[in-house]
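Participant: Numbering (this note's numbering), first residue to last: 37 to 267.
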């Protein structure tokens, strides 16, 4: 159901009393506690999304309730081709950057993933992951964890016909065998509903696209996709 709420707002309510509001370059998701279709006192779990003039998601802010202060901020940056290239995380809303991330591309595929915790700009020594791709679009093959520029652990992404990662396999030098260390199950819209080992992480999940665990959104190059709502 969609209803007008005044001042240019539009609200969509689902069966779980959740709401979405949109105005100008901002949108909100929240739990509509009093079920009145408006973002107001009593509403909880509020996430505000801010978009730039090219309709790119540049900021995500979260607060626990309507009157609460912001407790988490994620800021994204993009290059001329709309590729997601930087992410800044303020994990407690105090205005200080706790984590930085820089992504380098070959065409439209992420090949290098730099991550830095704490202050300072990302440096070459902050390289944490390298990604290996096949010749097809979004055909992720492997992810190599890197420690200070040296080779470390490689995990192999086993995908289906949509390039969705179904299994992650690793080589065990002790047993001289490669085994599946995480099996993932998705719903029809790409939300992970079960996995055998959540400690084994992957940047690429549904259809081989990057999934940002901080915002729980999937980057589809020109659009961010929310698998929890299917759009």
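Even glycine gets a Cβ: it sits at the ideal position worked out from N, Cα and C.
#1: Between which two residues does the beta strand (DSSP E) holding residue 85 run?
#2: Taking C-beta to C-beta, are residue 239 and residue 149 nearer than 8 Å?
#3: How many Å lie between residue 124 and residue 244 at the Cα?
#4: I need the straight-line Cα distance from residue 212 to residue 262, nearest angstrom please.
#5: What is the DSSP secondary structure of residue 229, reduced to helix, strand or coil?
#6: Can you tell which of 89, 95, 209, 87 has the C-alpha that lies nearest to the C-alpha of residue 250?
#7: List the residues that DSSP assigns as beta-bridge partners of residue 101.
#8: When you compare the CB positions of residue 78 and residue 116, do they come within less than 8 Å of one another, or not?
#9: Where does residue 90 land, buried or exposed, given buried means 16+ other C-beta within 10 angstroms?
#10: Pick out whichever of 178, 114, 220, 198 has its Cα sitting closest to the Cα of residue 191.
#11: By alpha-carbon positions, which one of 219, 200, 233, 237 ends up nearest to residue 225?
#12: Could you tell me whether the Cβ atoms of residue 182 and residue 167 are closer together than 8 Å?
#13: With a 10 Å radius around its C-beta and 16 neighbouring C-beta atoms as the bar for buried, classify residue 85 as buried or exposed.
#14: Is residue 254 buried or exposed, if buried means 16 or more other CB atoms sit within 10 Å of its CB?
#15: Hey, quick one: how far does the beta strand (DSSP E) through residue 247 stretch, first residue to last?
#16: I believe residue 106 touches residue 121 by the beta-carbon criterion, under 8 Å. Please report the beta-carbon distance rounded to the nearest angstrom.
#17: Using DSSP with H/G/I as helix, E/B as strand and the rest coil, what is residue 243?
#18: Pick out whichever of 175, 136, 173, 232 has its Cα sitting closest to the Cα of residue 156.
#19: Considering only the alpha carbon of each residue, which of 266, 195, 257 lies closest to residue 114?
#20: From the DSSP output, in three-state form, read off residue 128 for me.
Facilitator: Let's see:
#1: Note, residue 85: beta strand (DSSP E), 80-87.
#2: Yes, they are a contact pair.
#3: Whole-angstrom Cα-Cα distance: 23 Å.
#4: Annotation: residue 212 to residue 262 spans about 39 Å, alpha carbon to alpha carbon.
#5: In this structure, DSSP gives residue 229 an extended state, which the three-state scheme calls strand.
#6: Considering only alpha carbons, the answer is 95.
#7: 80.
#8: No, the Cβ-Cβ distance between residue 78 and residue 116 is not below 8 Å.
#9: Exposed, since its Cβ has fewer than 16 Cβ neighbours within 10 Å.
#10: Taking only the C-alpha atoms, the option nearest residue 191 is 178.
#11: Shortest Cα-Cα distance from residue 225 to any of 219, 200, 233, 237 involves 200.
#12: Not in contact: residue 182 and residue 167 (Cβ atoms no closer than 8 Å).
#13: Burial of residue 85 is indicated by the presence of at least 16 other C-beta atoms within 10 angstroms of its C-beta.
#14: Residue 254 comes out buried.
#15: If you look at residue 247, you'll find it in the beta strand (DSSP E) that goes 246-248.
#16: Their Cβ separation, rounded to whole angstroms, is 24 Å, which puts residue 106 and residue 121 out of contact at 8 Å.
#17: In the structure shown, residue 243 sits in a helix (DSSP, three-state: H, G or I).
#18: Of 175, 136, 173, 232, the residue nearest in Cα terms is 136.
#19: Comparing Cα-Cα distances from residue 114 to each of 266, 195, 257, the minimum goes to 257.
#20: Reduced to three states, the DSSP call for residue 128 is coil.
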